[in-house]
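Q:
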Amino acid sequence: MTILVTGGGGFLGQAVIRALLAEGHRVATLNRSEYPGLAALGVRCFRGDIADSAAVDQACEGADAVIHVAAKAGPGLYRPDFVRANIDGTQNVLDSCRRHNIRYLVHTSSPSVVHSGADIEGGGESLPIASHFASPYPETKARAEQAVLAANDGENLLTTALRPHLIWGPGDNHLLPRMIERNALGRLKLPAPEKVIDTVYIDNAAAAHVLALNNLTTSATAAGKAYFISNDEPMPNGEIIEALLKAAGYTPNIGTAPVGLAMSAARVVETVWKTLRLRSDPPVSTFLVEHLATAHWFDLTAAKRDLGYQAKVSIEEGLERLAGHYQESD
938 MTILVTGGGG FLGQAVIRAL LAEGHRVATL NRSEYPGLAA LGVRCFRGDI
988 ADSAAVDQAC EGADAVIHVA AKAGPGLYRP DFVRANIDGT QNVLDSCRRH
1038 NIRYLVHTSS PSVVHSGADI EGGGESLPIA SHFASPYPET KARAEQAVLA
1088 ANDGENLLTT ALRPHLIWGP GDNHLLPRMI ERNALGRLKL PAPEKVIDTV
1138 YIDNAAAAHV LALNNLTTSA TAAGKAYFIS NDEPMPNGEI IEALLKAAGY
1188 TPNIGTAPVG LAMSAARVVE TVWKTLRLRS DPPVSTFLVE HLATAHWFDL
1238 TAAKRDLGYQ AKVSIEEGLE RLAGHYQESD
């Protein structure tokens, strides 16, 4: 098959592309920047913005399936940027799939679409989309997921959505670098380090996307559904953050912050950011505090049953690989 991966130059996108190539597929990708390393692997690279319908249309031509990874993530508060990438961009993908008779679409969503600020312990896919959102990222990802699943018609377009939780591993340019920076500045404060959370190693997250595509092209039992994806090894957030920092070669410098104080500070910062319509990420946000102060781990029964998903790389092995990656980088 010929498969288009949007956002294929990103951390997850590159892992998905490697997994698809290993399966023998032909791969194309759409990115805002050039990635010579992907071209060297034989990937057909298109340069353009996911919010540009013409660019998406060009990249989709000739594809049999799309894995839609491209998105704007983070704790930013300037909603138009998130709408453009996550809602408008996803609609462009859906429109192009229909125009080019592309039958299969796997969409990368987020567990944050069901998080309303309270603990989630062993939650499954019956959890409803959140009733309110603390930032534009989960809100726009929720709207995008809903559009993708609603587009599934069971015949001409088969769609599914995956919700990988806190992806980490070698090549992470988002989660771990922020931890390292805050750790070095002594600003890594956790409101509730004992709260249990899920994470997922990068290769497991990528494998889940291939499994989802394989399902759509065979039994299609995943069509029209969303699935949580993790390592299925919930841990207290303080423990996994400490382990990640150590694997990266840093001495953890983790403090604590009362939830109420952290939330008050977040609200003050957000007022400034929203008033000035700043597009940069705020140093703290209610979205971040909510996620650090609550448990969020999930029941993977549905993904195991429908997709045949199992985490092949354990957290222990993943940490060893991460440590090796940083040692090679020194």
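Quick note on the numbering used here: the sequence shown kicks off at 938 and runs consecutively.
We treat Cβ as the ideally placed atom computed from N, Cα and C, and that holds for glycine.
(1) Please name the residue in Gly1255, Ala1149, Gln995 and His1228 whose C-alpha comes closest to that of Thr1045.
(2) Quick check: the Cα distance between Leu1237 and Tyr1246, rounded to an integer number of angstroms?
(3) Name the DSSP bridge partner or partners of Ile1117?
(4) What span of residues does the alpha helix (DSSP H) with Ile1252 cover, start to end?
(5) By how many angstroms is the C-alpha of Asp1169 removed from the C-alpha of Ile1252?
(6) Please work out which residues of its chain come closer than 6 Å, Cβ to Cβ, to Ser1049, disregarding the five sequence neighbours upstream and downstream, and give them in chain order.
(7) Going straight from the alpha carbon of Gly1106 to that of Ala1143, what length do you get?
(8) Quick check on this structure: which residue in Gly961, Pro1189 and Ala1239 has the alpha carbon closest to the alpha carbon of Arg1124?
(9) Relative to the C-alpha of Leu958, which candidate in Asn968, Arg969, Leu941 and Val1006 has its C-alpha closest?
(10) Skipping 5 residues on each side, what residues in its chain have a beta carbon closer than 8 Å to that of Val1020?
(11) What residues are listed by DSSP as bridge partners for Thr939?
(12) What is the rounded straight-line gap between the Cα of Ala1274 and the Cα of His1037?
(13) Which value, in whole angstroms, describes the spacing of the CA atoms of Ile954 and Arg1216?
(14) Which whole-angstrom value describes the C-beta separation of Ile1004 and Arg1080, a residue pair presumed to lie in contact below a C-beta threshold of 8 Å?
(15) Give the single residue among Leu1229, Ala1199 and Ala1157 whose Cα lies nearest to the Cα of Ile1177.
(16) Considering only C-alpha positions, which residue in the set Ala1157, Ala1185 and Thr1155 is nearest to Leu1113?
(17) So what does Pro1101 bridge to, in DSSP terms?
(18) Between which residues of its own chain and Ser1068 is the CB-CB distance below 6 Å, once the five residues before and five after are set aside?
(19) So, are the CB atoms of Ile1316 and Ala1240 less than 7 Å apart?
(20) Can you tell me where the alpha helix (DSSP H) with Glu1227 in it begins and where it stops?
(21) So, with DSSP's three-state summary, where would you put Lys1059?
(22) May I ask you to report which of helix, strand or coil DSSP gives Phe1235?
(23) Taking DSSP as the reference, what is the three-state secondary structure of Lys1126?
(24) With DSSP as the reference, please indicate the residues paired to Gly945 in a beta bridge.
(25) Specify, as a first and last residue, the run of the alpha helix (DSSP H) that Tyr1074 falls within.
(26) For Ser1047 versus Cys997, is the C-beta distance shorter than 7 Å?
(27) My assumption, with CB atoms under 8 Å, is that Phe948 sits in contact with Leu967. Please give the rounded CB distance.
(28) From what residue to what residue does the alpha helix (DSSP H) around Gly974 run?
A: Reading off the structure:
(1) For Thr1045, the nearest C-alpha among the options comes from Ala1149.
(2) 8 Å
(3) Partner(s): none; Ile1117 has no beta bridge.
(4) Start and end: Ile1252 to Ser1266.
(5) 9 Å
(6) Pro1075
(7) Note on geometry: alpha-carbon atoms of Gly1106 and Ala1143 lie some 12 Å from one another.
(8) Pro1189
(9) Leu941
(10) Pro1073 and Thr1077
(11) Arg963
(12) Because the chain is modelled from 938 through 1267, residue 1274 falls outside the range shown and cannot be assessed.
(13) Spanning the two alpha carbons is a distance of roughly 30 Å.
(14) At roughly 19 Å, the Cβ-Cβ gap does not stay under 8 Å, so Ile1004 and Arg1080 are not in contact.
(15) Taking only the C-alpha atoms, the option nearest Ile1177 is Leu1229.
(16) Ala1185
(17) For Pro1101, which the question treats as bridged, DSSP gives the partners Ile1166.
(18) Ser1053
(19) Outside the displayed span of the chain (938 to 1267) sits residue 1316, for which this structure offers no information.
(20) Thr1223 to Leu1229
(21) Note that residue 1059 is Gly in the sequence shown here, rather than Lys. In this structure, Gly1059 counts as strand in the three-state DSSP scheme.
(22) If DSSP states are grouped into helix, strand and coil, Phe1235 belongs with the strands.
(23) strand
(24) Beta-bridge pairing links Gly945 to no other residue.
(25) Residue range Pro1073 to Ala1087 is occupied by the alpha helix (DSSP H) that includes Tyr1074.
(26) Not closer than 7 Å, so no.
(27) With a Cβ gap of about 16 Å, Phe948 and Leu967 do not count as contacting.
(28) Pro973 to Ala977
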